[in-house]
Structure formats: C-alpha cells, structure tokens
Amino acid sequence: MSEPSDPTVAPPLTRCLLVDDDPGIRALLADFLRPFGMPLVSVASGVAMRQHLTSETFDVLLLDLMLPGESGLDLCQWVKQHQPRLPVIMLTAQGDTCSRVLGLELGADDYLPKPFEPRELVARIRAVLRTASGAAQAPARTRTAIGDWTFDRVQRRLHSPDGVMVPLSAAEYRLLVAFVDHPGQALTRERLLEITRARGVETQGRSIDLAVSRLRSKLGETDAHAGLIRTLRGTGYLFAPRKAP
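Following the UniProt record's numbering, the numbering of the sequence shown begins with 1 at its first residue and continues without gaps.
Written out as structure tokens, the structure reads:
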C-alpha cells in the first residue's frame with residue numbers, strides 16, 4: 001500500500017527566464033508569476049540571456065521580439081540551435097504578423113502579442129510545458145536513418161554521412177517529419193500544409209515548395225524526380241527513402 005502524499009510538499013516550480021529591455025514589464029511579470037509557482041529571472045539583453053542559459057537550468061524562455069542590439073529572432077535561432085528542448089514563447093507587438101511568422105519558423109513554440117493579460121501568459125506557459133512533456137515521453141524513435149543520413153527528431157538536426165551536423169529550421173523540421181512519417185505516399189501540397197502548419201500561421205502552397213527546395217539543398221539532392229524527395233507533376237511530392245548500402 002502506497003503512503004499518502006505529504007500535503008506540505010510544494011509542487012515543483014517552473015523556472016522562467018524573461019528577456020525584455022522594459023524594466024516595468026520585468027518587475028510586473030516577476031510579481032505576477034511568483035504566486036503561480038513560476039519564479040522569474042529577468043534580463044535585458046542577449047548577452048545576459050546566454051550567460052544564464054549556460055550556467056542555469058530553466059523550464060521556459062519568454063523572449064521579447066524588439067530588443068536593443070540582437071533581435072529576439074536572432075536569439076530564438078541561437079536558443080533552438082543550442083538548447084532545442086527549451087520551450088520559447090515570443091512576446092511580439094500587436095499585429096506584427098511578419099515577425100510572428102518568422103519567429104515560429106525559427107522554432108518558437110508560441111507567441112503572445114503585447115499588450116497581454118499576465119493570466120494569459122500563465123496559461124500559455126502551462127500549455128507549452130504540457131506539449132514539451134508529451135514530446136519527451138513519446139515512445140517514437142528519436143533517430144531515423146534516411147539513406148546514409150541520420151535525422152534526429154529530438155535535436156531537430158540532420159547528420160550527414162560524414163557526421164556533420166546540419167541544423168533545420170522549424171519549417172524544414174516539420175516538413176521532414178511529415179515525409180518520414182509518410183514514406184512512399186503521394187502527398188499533395190494541401191495535405192503537407194495541413195500536416196506542417198504551425199499554430200496561428202496562415203501559409204500557402206508556395207511555402208511548401210520553398211521548404212522542399214531548402215530541404216533538398218541540405219540533403220545534397222539535385223534531381224527533383226529521382227531523389228529522396230520527388231516532385232509529382234500536378235500532384236505534390238513523394239518521399240522515397242533508400243536504404244544505406
């Protein structure tokens with residue numbers, strides 16, 4: 001018989017790192033998040049962000065888009081290359097659709113337009129943490145052989161036959177996952193858009209073509225009709241993985 005849980009034991013804290021150059025917002029969010037078990041460390045620059053991320057462990061990163069010096073987009077890209085499992089919520093200007101899309105394409109997990117209600121931020125933090133927890137516990141294989149390449153789903157990277165790491169953008173990652181999960185199947189652009197669409201982003205078939213072109217380039221593919229990712233005229237694409245010799 002298991003012992004009852006100790007009611008005096010507090011639930012685990014969610015450590016948050018905020019990067020925002022507005023001292024008022026940093027103070028406001030620190031005071032608001034604390035009662036929800038979300039202690040906040042706040043910094044004003046990318047330099048300070050890197051220092052904290054290399055010396056401490058955080059559960060979520062709250063990243064302002066408009067920062068002096070390095071932009072939030074540049075910092076998001078750096079984080080996803082060095083700590084791909086760290087969830088990132090971008091804080092963006094109201095109606096800044098272009099930057100919001102770019103942030104999601106670079107790997108941001110969610111975005112929140114300013115001004116926002118702090119209570120909504122709490123809900124967004126909990127949502128991305130649930131998603132991250134589910135991904136970490138998923139039983140699916142994390143590494144997939146693609147010919148003589150290796151695709152690491154967790155790290156969101158490709159490894160070439162020579163062992164060179166090739167980073168993937170968020171769009172390229174979602175597209176490659178779609179192909180790997182549907183080998184030998186003819187996929188229309190509309191179906192690929194449905195599978196790979198990021199939340200809150202409206203995309204068109206042309207974006208699939210561009211992502212395919214970039215992905216082919218990273219895989220060293222030059223033949224659109226006989227390579228790993230084959231163009232089906234009038235239909236879409238087909239992923240034809242070959243076994244390594």
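Note that the Cβ used here is the ideal one computed from N, Cα and C, for glycine as well.
Since we're looking at a predicted model, the values are computed, not measured.
Give the C-beta separation of Leu17 and Val41 to the nearest angstrom, bearing in mind that I take them to be a contact with Cβ-Cβ under 8 Å. Yes, Leu17 and Val41 are in contact; Cβ-Cβ is about 5 Å, under 8 Å.
Looking at C-beta atoms only, is the number of pairs between the region 45-64 and the region 145-160 that lie closer than 8 Å three or more? These segments do not touch.
Less than 7 Å between the CB of His159 and some heavy atom of the ligand SAH, yes or no? The ligand SAH is absent from the structure shown, which contains no ligand whatsoever.
Would you please verify whether the beta carbon of Gln77 is less than 8 Å from any beta carbon of chain B? In the structure shown, chain B cannot be found, because there is only a single protein chain.
Starting from Ala151, follow its DSSP beta bridges and name the residues at the other end. Going by the sequence as given, residue 151 is Phe instead of Ala. The secondary-structure analysis by DSSP pairs Phe151 across a beta bridge with Thr144, Leu158.
Do the CB positions of Leu73 and Gly103 come within less than 8 Å of each other? Against a cut-off of 8 Å, the Cβ pair of Gly103 and Leu73 comes out as a contact.
Nearest-angstrom Cα distance between Arg85 and Thr131? Distance between the alpha carbons of Arg85 and Thr131 is about 11 Å.
Less than 8 Å between the C-beta atoms of Val88 and Cys98, yes or no? The Cβ atoms of Val88 and Cys98 lie no closer than 8 Å to each other.
Looking at the structure shown, is Pro167 part of a helix, part of a strand, or coil, going by DSSP? The answer is strand: DSSP assigns Pro167 an E or B state.
Looking at the secondary structure, which residues open and close the beta strand (DSSP E) in which Leu17 lies? For Leu17, the enclosing beta strand (DSSP E) has its first and last residue at 16-19.
Identity of the residues DSSP links to Arg230 by a beta bridge: Secondary-structure assignment with DSSP links Arg230 through a beta bridge to Leu238.
With DSSP as the reference, please indicate the residues paired to Asp110 in a beta bridge. Ile89, per the DSSP bridge assignment.
On the criterion of 16 or more Cβ atoms from any shown chain inside 10 Å, does Pro7 qualify as buried, or is it exposed? With a pLDDT of only 43 at Pro7, under 50, the local geometry of the prediction cannot be trusted, and the value read off the model is given with reservation. Taking all protein chains shown into account, Pro7 has fewer than 16 neighbouring C-beta atoms within 10 Å of its C-beta and is therefore exposed.
When we look at the beta-carbon of Gly236 and count the other beta-carbons within 10 Å, is it buried (16 or more) or exposed? Around the C-beta of Gly236, 16 or more other C-beta atoms lie within 10 Å, and the residue is accordingly described as buried.
Using 8 Å as the cut-off, can you tell me whether the region 212-227 makes contact with the region 158-170, which would need three or more C-beta pairs spanning the two stretches below that distance? Contact between the region 212-227 and the region 158-170 is present, because at least three Cβ pairs lie under 8 Å.
Assuming Ala178 contacts Leu238 (C-beta within less than 8 Å), just tell me the rounded distance between them. Their Cβ separation, rounded to whole angstroms, is 12 Å, which puts Ala178 and Leu238 out of contact at 8 Å.
Using the three-state DSSP reduction, which class does Ser71 fall into: helix, strand or coil? In this structure, Ser71 counts as coil in the three-state DSSP scheme.
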